[in-house]
Structures are given as C-alpha cells and as structure tokens.
Amino acid sequence: AILFMIPHDTITGNVIISDISPDSPAAMSGLTPGDHIVSTDGKMIESTSDLIQSITFNAGSAMEWIISRDGSPVTILITPRVDPPEGQGATGIRIELADAVTTKEFHPPWTALALGVTSTWDMLVLIKQEISRWISGTANPEFSGPIGIAQITGEITTQGGARGWLMLSILISINLAILNILPIPMLDGGRLLFVIIEWVRRGKRIPAEKEGLVHIIGFAALIGLVILVSANDINRLLQGGSLLGG
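Right, dumping it as structure tokens:
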C-alpha cells in the first residue's frame, strides 16, 4: 500500500501499433499498423504497461480488443501466445505511445490499500503462470542467488528509484513466502510435511534423529544450490549480463 502513496510520474497516451510480425496472432486477427488500442477485455488501455500487463495475464486465452481505426471502433478477437518466437512477443506487435502526457500520481491510504491487495494478487497470478510454464516445458526456470538479487536491486533502484525498489521488495517477499511453504527440508514447508505424515500415520511420530537427518541433508542441498546459483550469477556479471535483459 505504501508504494501507491508515494508520488510518482505516470505517463499516459494513445497506444498505437507500429509494426506487426507476419503469421503472428496480431496478423491473423486483422490488426494493422496504425491501429489505436482503446481497450482489452473491457479495460481501458492508457499506457504501454497497461497493454503489456493485460496480455501477460491472458496468455493462451482469447481476448477481445477494441481498437480505433480511422476514427471508427473495431472489435478484434486475439489469443496471445504462451511461448512466442524470440523477438516477437505474445501477440507479435510493436507499440508506441502517442500524445503522451506525464502527470504526478499518488493515492490516499484507503485507495492505496485496495491497490496493494490487487497488485499482490496480480503478482501471485504471474508467479503461478510462470510455474505452469516450467511444468509444461514452455519456459526454463531461471534462478538467482544473493549476488543476483544484489545486482537486480541495484539495477531496478537505478532505473525505478524508491518505487522500483519497493516493488522488487514486494516481489521478493512473495517469492520467499511461497518457497518457505514448499515441502523442502529445513523450511517451514518441510516441517509441515512431517506433521502431515504424522497425522496420516495416526499420531505415530517419525524418530527425531531420522527427521533431523533429513533436515541436515536438505540444508546441505540448499547450500549447494546457493553455491551453484551464485557461481552462475558471478559468471553473468563477468560477462556484463543483466537480469533485466540488458
């Protein structure tokens, strides 16, 4: 909620399609360069981030877009791709913001609280979608350790200031909460797993020394994973890579 109470610049305008990839969902739906995207599934599109968020949340699902073409409204049905070709994006369009206007925006506490809840839910949906893509094999999981987190914190703080830093903090907190409830030894989820096993066995506890051994093995595995991920982070830094895609 604090994030939305901080005054910040908001850029809005008309989102215009500047280019369309051949054989993409956009091309097959009848979109053309120069179309002004007015709304998607009833939500007004006033910035490029509005459109990107809408497409991301609806990857693989049919969407209804309202566009303005030569001053007349046109309804377009389009289904963003879950795993698009490199460089094309989910719909195959390139966009630009016309008639952009910058305004200073902030919200009172009662509005900010509601926006905070909505944003947290949106992040959970994105995480769920990404995990689903890992399971289906349409995306490869990418992990970062303490070094990678420090790198992306610096990059986002530089580009997005305090607002970007707060947004990253929220995302990291959500990810850590999800990780903590997974059935991994040494974490709360691992302990919960033993409690469930005990309940299934009708109160018959697993010997403490055996449970302790499992947690020790799990701890060693986690430390090993952190070392491997950190080595990958160091290698990326030495090559000048960025977690933001730069």
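For my numbering, add 2 to where a residue sits in the sequence shown, where the first one is 1. For each residue, glycine too, the CB sits at the ideal point set by N, CA and C.
Whose C-beta lies closer than 8 Å to the C-beta of residue i among residues of the same chain, with five residues either side of it excluded?
i: I22; result: A28, A29, L33, T34, P35, G94, I95 and R96
i: S49; result: T12, I13, T14, G15, V17 and L99
i: D190; result: N182 and I183
i: P110; result: M7
Hey, would you say residue i sits closer than 8 Å to residue j, going by beta carbons?
i: I129; j: I176; result: yes
i: I57; j: P75; result: no
i: L178; j: M125; result: no
i: I69; j: S31; result: no
i: A61; j: A92; result: yes
i: V231; j: S134; result: no
i: I199; j: I208; result: yes
i: H217; j: P187; result: yes
i: S26; j: Q90; result: yes
i: L240; j: Q153; result: no
i: G304; j: G220; result: Absent from the structure is residue 304, since the part of the chain shown begins at 3 and ends at 248.
i: E66; j: D43; result: yes
DSSP state of residue i, grouped into three classes?
i: V84; result: coil
i: I19; result: strand
i: T34; result: coil
i: K206; result: coil
i: N60; result: coil
i: M1; result: The first residue shown for the chain is 3 and the last is 248, placing residue 1 beyond what the model contains.
i: T93; result: coil
i: S51; result: helix
i: G241; result: Inspection of the sequence shows that residue 241 is occupied by Gln rather than by Gly. It is coil, neither helix nor strand.
i: P148; result: helix
i: S175; result: helix
i: D124; result: helix
i: I183; result: coil
i: S232; result: helix
i: S26; result: coil
i: P110; result: coil
i: G248; result: Residue placement at G248 is poorly supported in this model, since its pLDDT is 45, which falls under 50; the coordinates still yield a value, given next. If DSSP states are grouped into helix, strand and coil, G248 belongs with coil.
i: I8; result: coil
According to DSSP, residue i sits in a beta bridge with which residue or residues?
i: K45; result: T42
i: R71; result: S74
i: M65; result: I80
i: H217; result: H217 is not bridged to any residue.
i: V103; result: T14
i: E200; result: Looking at the DSSP assignment, E200 forms no beta bridge with any residue, so it has no partner.
i: E98; result: I18
Beta-carbon within less than 7 Å of residue i's beta-carbon, same chain only, minus the 5 sequence neighbours each way: which residues are those?
i: I236; result: I149
i: S20; result: P35, R96, I97 and E98
i: G247; result: Since pLDDT at G247 reaches only 49, below the 50 mark, its modelled position is unreliable, and the value read off the structure follows with that caveat. Answer for G247: no residue qualifies.
Can you name, in chain order, every residue of its own chain whose Cβ lies under 6 Å from the Cβ of residue i, other than the five neighbours on each side?
i: I229; result: none
i: P9; result: K106 and F108
i: D37; result: I19, I69 and R71
Closest Cβ-Cβ distance between residue i and chain D: below 8 Å?
i: R96; result: You won't find chain D in this structure, because it holds only one protein chain.
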